[in-house]
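Sequential numbering from 197 applies to the sequence shown in our numbering.
For glycine and all other residues, C-beta sits at the position ideal for the given N, C-alpha and C.
Structure, as C-alpha cells:
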Amino acid sequence: MPVAQDNSRLQRITAQVESGERVSFDDGVFLAEEADVLALGRLANIIRERKNGNYAYYNTNVHLNPTNVCVYRCVFCAFRSDLKAPKAYTFTDDQIRERVAEARRAGATEIHVVGGLHHQQPFDWYVNVVRVIHEAWPDLHIKAWTGVEINWFSYLTKKPTRWVLEQMVDAGLGSMPGGGAEIFHPEVRDRICEHKADADSWLNIHREAHALGLRTNSTMLYGHIEKPWHRVDHLCRLRELQDETHGFQTFIPLAFHPENTGLDHIPKASGLTDLRVMALSRIMLDNFDHIKAYWIMLGEKTAQTALSFGADDLDGTVVHELIYHDAGATTPEGLSVAQLHQLIREAGRVPVERDTLYRHVIREGNGSQWRIGDPIAKDAALQNA
Ligand code: V47
Ligand code: SF4
197 MPVAQDNSRL
207 QRITAQVESG
217 ERVSFDDGVF
227 LAEEADVLAL
237 GRLANIIRER
247 KNGNYAYYNT
257 NVHLNPTNVC
267 VYRCVFCAFR
277 SDLKAPKAYT
287 FTDDQIRERV
297 AEARRAGATE
307 IHVVGGLHHQ
317 QPFDWYVNVV
327 RVIHEAWPDL
337 HIKAWTGVEI
347 NWFSYLTKKP
357 TRWVLEQMVD
367 AGLGSMPGGG
377 AEIFHPEVRD
387 RICEHKADAD
397 SWLNIHREAH
407 ALGLRTNSTM
417 LYGHIEKPWH
427 RVDHLCRLRE
437 LQDETHGFQT
447 FIPLAFHPEN
457 TGLDHIPKAS
467 GLTDLRVMAL
477 SRIMLDNFDH
487 IKAYWIMLGE
497 KTAQTALSFG
507 ADDLDGTVVH
517 ELIYHDAGAT
527 TPEGLSVAQL
537 HQLIREAGRV
547 PVERDTLYRH
557 VIREGNGSQW
567 RIGDPIAKDA
577 ALQNA
C-alpha cells in the first residue's frame with residue numbers, strides 16, 4: 197500500500213479513537229501489522245488517560261499454585277509435571293494454610309490460585325483448596341481457577357460448568373483469573389494446546405461466571421506461533437463477550453517465555469513487541485476499563501514503559517510465582533510496595549493500591565491494616581488528590 201494512503205488510514209483511525217469510536221477488526225489488523233510503535237502508543241495513551249487519568253494501579257497479592265501435576269501437555273508450558281517426575285508436587289492443607297499465613301504477614305488483599313489439572317485428585321480436592329483458604333482468612337479475596345480448570349472440573353464431575361462455579365462460590369471463590377485463554381483461533385490453539393477447553397468453552401464459562409455475578413479477568417499468550425491477525429481476532433472475541441456481559445475487569449497480555457518449553461527454539465518477544473501488543477490491546481478493547489502490564493512477565497523496565505502504552509495496572513507484589521520462573525523469567529519473584537511506587541512515580545503516574553475489584557485500598561498504621569474504600573472511579577479522596 198502506498199505510504200500516503202497508509203498515513204491517511206492512520207489519520208482516520210486516530211480521529212476515530214479521539215472521538216471514542218470503535219476500531220474495526222480490519223483496522224486492528226492494519227495497526228498490528230503496519231503502524232509504528234509510537235503511533236500505537238499515542239492512540240493507546242489517549243484511551244488509557246480517558247479511562248484512568250494519571251493513575252497506575254497495583255495490588256498486594258500472593259500466588260498459590262497448589263499442584264504442578266497436569267494431565268495436559270500445552271507445548272508452551274514449562275510449569276507442568278508428570279505425576280511421577282521428581283519436580284511433581286501437590287500441597288497439603290497445612291501448606292496451603294502456611295501460604296495464607298504468609299499472605300497475611302505481607303498484608304495481601306488477594307490470593308491468586310491456579311495450577312495443573314491433577315488427574316488423580318477428585319473435584320472435592322479443588323473445592324477444598326478454596327475452602328481451606330476461606331476458612332483460614334475469610335477477608336482474603338480468592339481469585340481462583342481459570343476457565344480451563346473449570347472446564348476440567350465439569351469433565352471430572354460430569355456436571356455443568358455452571359454447577360461447578362456455584363460449588364466454588366459456596367466454598368469462598370471471589371473472582372476468576374484470566375488464564376487459559378492463550379490464542380482463541382483454532383489455527384493456533386489446536387497446535388499449542390489442542391486438548392484443553394476451546395475458545396467457545398472458555399468464553400462460555402466466563403459468560404456463566406458473569407451471569408452469577410463473578411468478575412473475571414482475561415489474557416492472551418503472544419509471541420509464539422501466532423500472527424498479528426490472530427491477536428486481533430482474539431481481542432475482538434473478548435470485546436464481543438464484554439459487550440454482552442460487562443463482566444471482565446481487566447485484560448493481561450502475557451508474553452511467551454520459551455525456556456524449558458516445547459517451543460524453546462522461538463526467541464522471546466522483544467520489548468518493542470511487548471509495547472505494540474500492549475497498545476493494540478488498549479486500542480481494541482474499548483469496553484475494558486483496565487489493561488494490566490504484568491511486571492513479573494514483562495520485567496520491571498518494560499512494565500514501567502507500558503504505563504505510557506495503554507497499561508494502567510502493574511498487578512501485584514507477586515511472591516511465589518512459578519509459571520514464568522519455570523519458563524526462564526529472570527525478574528524477582530516479588531517487588532516491595534516501595535519499589536512498585538518508585539516504578540510508577542518515575543513513569544509520571546500516581547500509584548494507587550486497589551483490591552481485586554478495583555476498589556481503593558487505604559492502609560492504616562504501619563500498613564498491615566487496611567480498609568476498602570470506594571470503587572476508584574467514584575472515590576472522592578482520589579479525585580481530589
Ligand atoms: O494460561 C504458561 C501462561 C497463564 C507460559 O488474571 C505462559 O490477574 C508465558 O493467566 N510463557 C497463567 N506464559 C497466568 C495467568 C495470569 C497471570 C497474571 C495475572 C492474571 C490475572 C492471570 O500463563 C496460562 C498461560 O497463558 N503461560 N506458560 C510461558 N512459558
Ligand atoms: Fe497444564 Fe496449564 Fe501447563 Fe497447559 S498451561 S500444561 S493446562 S499447567
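Thinking just about the alpha-carbon of each residue, which of the options is nearest to the one in residue i?
{"i": "ARG427", "options": "LEU408, PRO454 and MET480", "result": "MET480"}
{"i": "LEU410", "options": "ASN456, GLY343, GLN538 and ASP460", "result": "GLY343"}
{"i": "TYR251", "options": "HIS486, GLN291 and PHE319", "result": "HIS486"}
{"i": "PHE272", "options": "ILE388, HIS442 and LEU437", "result": "ILE388"}
{"i": "ARG244", "options": "ASP482, ILE558 and PHE444", "result": "ASP482"}
{"i": "HIS461", "options": "PHE319, HIS420 and THR263", "result": "HIS420"}
{"i": "ARG295", "options": "LEU279, ILE329, ASN400 and GLY375", "result": "ILE329"}
{"i": "ALA240", "options": "ILE572, LEU531, PHE505 and SER564", "result": "PHE505"}
{"i": "GLN445", "options": "LYS247, ALA231 and VAL365", "result": "LYS247"}
{"i": "LEU361", "options": "VAL384, ASP320 and LYS423", "result": "ASP320"}
{"i": "SER350", "options": "GLU217, TYR322 and ARG433", "result": "TYR322"}
{"i": "ASN347", "options": "ARG327, GLU331, HIS402 and GLU306", "result": "HIS402"}
{"i": "LEU352", "options": "ALA367, PRO318 and GLY376", "result": "PRO318"}
{"i": "GLU440", "options": "ILE448, LEU471 and ASN400", "result": "ASN400"}
{"i": "ASP366", "options": "PRO373, VAL325, GLY524 and ILE242", "result": "VAL325"}
{"i": "LEU408", "options": "ALA451, MET364 and PRO424", "result": "MET364"}
{"i": "TYR254", "options": "PRO454, HIS556, HIS337 and ALA405", "result": "HIS556"}
{"i": "ASN413", "options": "ALA393, LEU450, HIS381 and TRP425", "result": "LEU450"}
{"i": "PHE380", "options": "GLU404, PRO356 and TRP425", "result": "TRP425"}
{"i": "GLN538", "options": "GLN212, LYS497 and ASP570", "result": "LYS497"}
{"i": "PHE221", "options": "TYR490, ASP509 and GLU436", "result": "GLU436"}
{"i": "GLU560", "options": "PHE275, ALA228 and GLY303", "result": "GLY303"}
{"i": "PRO571", "options": "VAL548, LYS423 and GLY563", "result": "VAL548"}
{"i": "LEU417", "options": "ALA393, GLU404, ARG385 and LEU369", "result": "ARG385"}
With burial defined as no fewer than 16 other Cβ atoms inside 10 Å of the residue's Cβ, what is the status of residue i: buried or exposed?
{"i": "SER466", "result": "exposed"}
{"i": "LEU234", "result": "exposed"}
{"i": "ARG301", "result": "exposed"}
{"i": "ALA281", "result": "exposed"}
{"i": "ASP335", "result": "exposed"}
{"i": "HIS442", "result": "exposed"}
{"i": "HIS391", "result": "exposed"}
{"i": "ASP522", "result": "buried"}
{"i": "GLU378", "result": "buried"}
{"i": "THR288", "result": "exposed"}
{"i": "TRP359", "result": "exposed"}
{"i": "GLN500", "result": "buried"}
{"i": "GLY512", "result": "buried"}
{"i": "GLY315", "result": "The displayed chain sequence assigns His, not Gly, to residue 315. Exposed is the call here."}
{"i": "SER371", "result": "buried"}
{"i": "ASP429", "result": "buried"}
{"i": "ASN257", "result": "buried"}
{"i": "ARG541", "result": "exposed"}
{"i": "SER215", "result": "exposed"}
{"i": "LYS488", "result": "buried"}
{"i": "GLU217", "result": "exposed"}
{"i": "HIS433", "result": "Before going on, a small fix: residue 433 reads as Arg here, not His. ARG433 should be labelled buried."}
{"i": "GLN438", "result": "buried"}
{"i": "ARG567", "result": "exposed"}
{"i": "LYS339", "result": "buried"}
{"i": "GLU230", "result": "exposed"}
So if DSSP puts residue i in a beta bridge, which residue, or which two residues, is it bridged to?
{"i": "ASP509", "result": "TYR253 and LYS488"}
{"i": "GLN565", "result": "GLU560"}
{"i": "SER277", "result": "VAL265"}
{"i": "ARG555", "result": "PRO571"}
{"i": "THR286", "result": "THR263"}
{"i": "ALA340", "result": "VAL309"}
{"i": "THR412", "result": "MET372 and PHE444"}
{"i": "ARG550", "result": "HIS556"}
{"i": "LEU449", "result": "With the sequence shown as reference, residue 449 is identified as Pro, and Leu is not the correct amino acid for it. Its beta-bridge partners are MET416."}
Any contact between the segment 255–266 and the segment 311–320? By contact I mean 3 or more CB pairs, one from each, below 8 Å. yes
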